[in-house]
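A.B. asks:
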Amino acid sequence: MLYRYRFLILCVLLGTLVNVCGAFFGSLLLRTILLELSLLVFFLALFAKRKDRKEVEKASNHEEGLKIYL
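In terms of full-length UniProt numbering, the sequence shown is residues 1 to 70.
If you want it as structure tokens, here you go:
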């Protein structure tokens, strides 16, 4: 679950950076569209459902002893 918070923080920082850069180089319409897209990605990541860890382990276990937790 920690990956989700890292991704959310990254989305917020990226959206802020795009908004600041857009303030200097872009129009208000462009800034608004980019801000809405960053908010959409933020909320999609916040409410995304993840598979059970056992299902992911079965799907990604190609060799014996290889376990990948997503």
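Glycine included, C-beta positions come from ideal geometry on N, C-alpha and C.
These numbers were taken from a predicted model, which means no experiment stands behind them.
(1) Are the stretch 6–22 and the stretch 37–48 in contact at 8 Å, needing three or more beta carbon pairs?
(2) Would a C-beta distance cut-off of 8 Å place L35 and N19 closer than the cut-off?
(3) Checking 8 Å against the spacing of the C-beta atoms, do G22 and S38 come in under that value?
(4) The alpha helix (DSSP H) that contains S27, what's its start and end?
(5) What three-state label does DSSP hand A45 in the structure shown?
C.D. replies: Here's the rundown:
(1) A contact exists between the stretch 6–22 and the stretch 37–48.
(2) Looking up residue 35 in the sequence shown gives position 35. Looking up residue 19 in the sequence shown gives position 19. Yes.
(3) In the sequence shown, counting from the first residue as 1, residue 22 sits at position 22. In the sequence shown, counting from the first residue as 1, residue 38 sits at position 38. No; because the gap between Cβ atoms is not below 8 Å, this pair is not in contact.
(4) As a working mapping, residue 27 is identified with position 27 in the sequence shown. Boundaries cannot be given for S27, as no alpha helix (DSSP H) includes it and DSSP labels it neither H nor E.
(5) Residue mapping note: residue 45 aligns to position 45 of the sequence shown, counting from 1. Helix, per DSSP.
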